[in-house]
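All you need for our numbering is the position in the sequence shown, starting with 1, plus 449. Using N, Cα and C, we set each Cβ at its ideal position, and we do this for glycine too. Take a look at the structure set out below.
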Amino acid sequence: MELGLLTCVGATDVAHSSESFESRFHAFRAEAAKVLALREGNRRSEIRVAFDRQFATVDLPSLSSDDAGYFLRALADVTFHQPDADLTAVAMQVVLRHELTELQPLSGPRLVDQMLLGDRSFGGAAAWRARFSEFDDALLPQVERLNSGHHRMYTISEDGRHLLELDSHIATGDGLIVVGHPACGFSRAAAEWMRDQLGDTGTRLLWLAPVDGNLQLTMLLQWNRQFPSQAFAIARSSDDWQFIDTWDTPQFFWLAGGRIRERSAGWNEGSRALLRRFNAE
């Protein structure tokens, strides 16, 4: 699919076209940071509005390499919070036109690869990787469905080569969801405290890694082997977890009948108090 003019519907107060892509990129990031700091509201949607405000209309063929780099980084940022296959397709065209292999810290091809994995388009990621030599030694997991019905998450097979797609009874029932990741120091601190203070919470608790294109399966697998009672599953799509408005870590969601009873973000006394109340019931 060849794309020319990108038009994002729904933007308000669109940035003036004379502003540089660099300034628009930094304005978008500044607004997104303010949204994230609120810790409330539909932050994914608000971050998308911030993106649309700066990049509502982009003429792809006219982009310079520098402009393309800033635009691609903005696309990667907005889809990190809310994966979007249409924006991923735009990012693919940007990279194919300009290559952008020198971007830091990730090259253009690797940014798009993460966007495809965030979309959970594993077949698309395989086809994309086949275009670029930098992916020669990279392996993609095989996805298997364990049963029929609606699936919200993946678990990792023992060999780390398969993602097993299944549902969670807690998502529509009672229990606690911890959104976290072994790469997050606060998540690790929360896990250690919970092992010491709460003991075995059994099947009442789900450890959920965010929707993210950087799967880090090796790290997750190592953690799961070391702490099987706190083994992480991986969220499949933001659409499956509508009550999680952004994928900051750690977050704690106490559910009753599939509805939020209490929630807390960050590793702080408020989160510890929530966990004590949950454990007391």
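8 angstroms Cβ shell around residue i - same chain, five flanking residues per side excluded
{"i": "G453", "result": "Because G453 carries a pLDDT of 45, less than 50, the predicted location of this residue cannot be relied on, and the following value inherits that uncertainty. The residues are D508, L509, P510."}
Cβ-based neighbour list, residue i, same chain, cut-off 6 angstroms, excluding 5 preceding and 5 following
{"i": "V484", "result": "R492, E495, I496"}
{"i": "E730", "result": "none"}
{"i": "H630", "result": "S636, A658, T698"}
{"i": "A460", "result": "Low confidence applies to A460: its pLDDT is 42, below 50, so where it sits in the model is not reliable enough to give any reading."}
{"i": "L655", "result": "S617, I619, I626"}
7 angstroms Cβ shell around residue i - same chain, five flanking residues per side excluded
{"i": "V628", "result": "L657, P659, I693, W696, T698, P699, Q700"}
{"i": "M602", "result": "L615, S617, L657, A682, I683, A684, R685"}
{"i": "S678", "result": "D649"}
{"i": "M450", "result": "Residue placement at M450 is flagged as unreliable, the pLDDT there being 38, under the threshold of 50; the coordinate-derived value follows with that caveat. The answer, listed in chain order, is A538."}
Where the beta strand (DSSP E) through residue i begins and ends
{"i": "F584", "result": "Counting along the chain, F584 falls outside any beta strand (DSSP E), and DSSP gives it neither H nor E."}
{"i": "E614", "result": "611-615"}
{"i": "E427", "result": "Outside the shown range of the chain (450 to 730) lies residue 427, about which nothing can therefore be said."}
{"i": "Q646", "result": "Taken as a continuous stretch (DSSP letters only), Q646 belongs to no beta strand (DSSP E), being part of the alpha helix (DSSP H) at 634-646."}
{"i": "F594", "result": "Here residue 594 turns out to be Arg, not Phe, going by the sequence shown. Per DSSP, R594 belongs to the beta strand (DSSP E) from 591-594."}
{"i": "T652", "result": "Counting along the chain, T652 falls outside any beta strand (DSSP E), and DSSP gives it neither H nor E."}
Per DSSP, the bridge partner or partners of residue i
{"i": "S713", "result": "F701"}
{"i": "L657", "result": "V628, A682"}
{"i": "V544", "result": "Partner(s): none; V544 has no beta bridge."}
{"i": "D623", "result": "Paired residues: none, contrary to the question."}
{"i": "T537", "result": "Answer is none; T537 lacks a bridge partner."}
{"i": "I605", "result": "L612"}
{"i": "R708", "result": "A705"}
Under 7 angstroms between C-beta atoms of residue i and residue j
{"i": "V561", "j": "V544", "result": "yes"}
{"i": "L615", "j": "L595", "result": "yes"}
{"i": "M564", "j": "G662", "result": "yes"}
{"i": "G573", "j": "L666", "result": "no"}
Host alpha helix (DSSP H) of residue i (start-end)
{"i": "F571", "result": "571-578"}
{"i": "I496", "result": "492-504"}
{"i": "R726", "result": "718-729"}
{"i": "T528", "result": "514-530"}
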